[in-house]
Amino acid sequence: MHGSTPVWVVPPSYLHAQAVRDSGCEVHAGPLVQRSPPNRTARVDSFADILLQLGFADRQALETHVEAWMALIARIRPDRIVLDYAPAAQLAALFLRIASFQITNGFDAPPPECPVFGFSVRGPYIESKNAKAIETLASNLAALKGLSFDKKAKSLAEYFSYPRKIYDCIQEADPYSPRTDGIYVGPLVASIEKSKAQQDPWSDTPLPSKKHKIFAYLRGIPDPSELLAAICACEADVVCVWPDLPDDELIGHCTACVRVFRDPLDMHQAIKIADAVINYGSAATVNKTLLMGKPQLMIPNDMEKIIISQKVAKRGAGIVHNKKIPYREEIMALINSQALLKSAVDISKNYDEEHFLIKRKEFLVELTAGKMKNSIWN
1 MHGSTPVWVV PPSYLHAQAV RDSGCEVHAG PLVQRSPPNR TARVDSFADI LLQLGFADRQ
61 ALETHVEAWM ALIARIRPDR IVLDYAPAAQ LAALFLRIAS FQITNGFDAP PPECPVFGFS
121 VRGPYIESKN AKAIETLASN LAALKGLSFD KKAKSLAEYF SYPRKIYDCI QEADPYSPRT
181 DGIYVGPLVA SIEKSKAQQD PWSDTPLPSK KHKIFAYLRG IPDPSELLAA ICACEADVVC
241 VWPDLPDDEL IGHCTACVRV FRDPLDMHQA IKIADAVINY GSAATVNKTL LMGKPQLMIP
301 NDMEKIIISQ KVAKRGAGIV HNKKIPYREE IMALINSQAL LKSAVDISKN YDEEHFLIKR
361 KEFLVELTAG KMKNSIWN
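Quick note, the sequence shown lines up with residues 1 to 378 if you use the UniProt record's numbering.
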């Protein structure tokens, strides 16, 4: 940004990442929290549980971690802070009262009541358990000593509401929408991912073809053989990017109509030409697919992706994979459902490039308001 000096703060393991080196900016390693190993068997029913597992359950460890962030921020002396996902840094910024912005797809910026995810079990027991988790969070924040945490800032609401929210998604894919506490700037990931070959992903499709065109972007699928067999059996022209597909599966299923790649392709072009999309629930892909008005089958593999996928399915613009239903049945429903297509198209009509340009300019105006010397990018 004109007139500013960006400073990156990244996890220590990212200090030598190519993107960081290429930035040419001053870079610092962010403080690491010292905490006990997470309980892998513990239920996670809301974002409150996630924060407790990230060190917010241990008051002393949390205070030490926040103090380390405050010391680092004091050395850098920023005028503005831009956060991705760094809960303790967010808390440090709150203590220091530095204007801060959180870029988020919505999942890690829940409302203060931290609603129960509800994708498996709901009921009085879960609600009671969640209320206790929220109470623990609020109590631990209020108990932090020596951090000049004034009375107004002692509530969990203050913690969650402090950073100005910049949603890099659309409301239809925001897990907690509708809400008005931020700016929806749309997906910020570049439409064309960097790779050695930027070719048209559909250039080798047999022509003429009256088959449905499916674009699939997959990873972390527990049963790749079953899914790939279903894709091959759907009698469609398929372009699939699947970085972690086992070699034997890749060799055994590639045909003239089903082409599987490990490296990124021009995703914008791939989705634009496709009739439908299959993905693993990543926020960027889900949002891009919605903006192009294409129905999607989502196969999420973690909580964040499950919540986002369920939001889209409730809008009628996609299907969340159900383990009790064969993949082939879901794929056929995906490519043949006019209702799914109509819902996806209707959502896409709410947006155009001008809309997001205006929103991103609004963000930049807020970010650069006043004299700006430095920024922290985390």
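Ideal placement from N, C-alpha and C gives every residue a C-beta, glycine not left out.
In terms of CA proximity to I76, A29 leads the group G118, A142, K211, A29. In the structure shown, G55 adopts helical secondary structure according to DSSP, grouped into three states.
If you check the CB distance, R80 and L364 do not come in under 8 Å.
By the C-beta density criterion, H16 is exposed, having fewer than 16 other C-beta atoms within 10 angstroms.
When rounded, the separation of the alpha-carbon atoms in E26 and M292 is 38 Å. For W202, the closest of S337, C114, A236 by C-alpha to C-alpha distance is A236.
Non-local C-beta neighbours of K211 in its own chain, meaning closer than 6 Å and more than five positions away in sequence, comprise A236, D237, ordered along the chain. By the Cβ test, the region 126-136 is not in contact with the region 174-193, since fewer than three Cβ pairs between them sit closer than 8 Å. The three-state reading of DSSP puts R77 in coil, since its state is none of H, G, I, E or B. Beta-bridge analysis with DSSP links K165 to Q102, G182. Note that the C-beta distance between F56 and I307 is not below 8 Å.
By the Cβ criterion, the region 90-98 is in contact with the region 59-74, since at least three pairs of Cβ atoms, one from each stretch, lie closer than 8 Å.
In this structure, the straight-line span from the alpha carbon of A86 to that of R360 is close to 22 Å. S161 is the residue among S161, I183, K272 whose C-alpha sits nearest the C-alpha of R97. I103 sits buried, since 16 or more C-beta atoms from the chains shown fall within 10 Å of its C-beta. Per the C-alpha coordinates, the member of A61, Y159, I278 positioned closest to F215 is I278. Rounded to the nearest whole angstrom, the C-alpha separation of V258 and M332 is 16 Å. Cβ atoms of H321 and E330 come within 8 Å of each other, at about 6 Å. DSSP places Q296 inside the beta strand (DSSP E), whose first and last residues are 296-298.
Comparing alpha-carbon positions, the option among A19, M303, Q18 lying closest to I50 turns out to be M303. When DSSP states are grouped into helix, strand and coil, T64 belongs to the helix group.
According to the DSSP assignment, I134 belongs to no beta strand (DSSP E) but to the alpha helix (DSSP H) extending over 124-143. Residue pairing from DSSP leaves L245 without any beta-bridge partner. Separation of P300 and H268 (C-alpha to C-alpha, rounded to the nearest whole angstrom) is 21 Å. Cβ neighbours of F117 within its own chain (closer than 7 Å, five residues either side excluded): D45, S46, M303, I307. At a Cβ-Cβ threshold of 8 Å, V260 and C234 do not count as neighbours.
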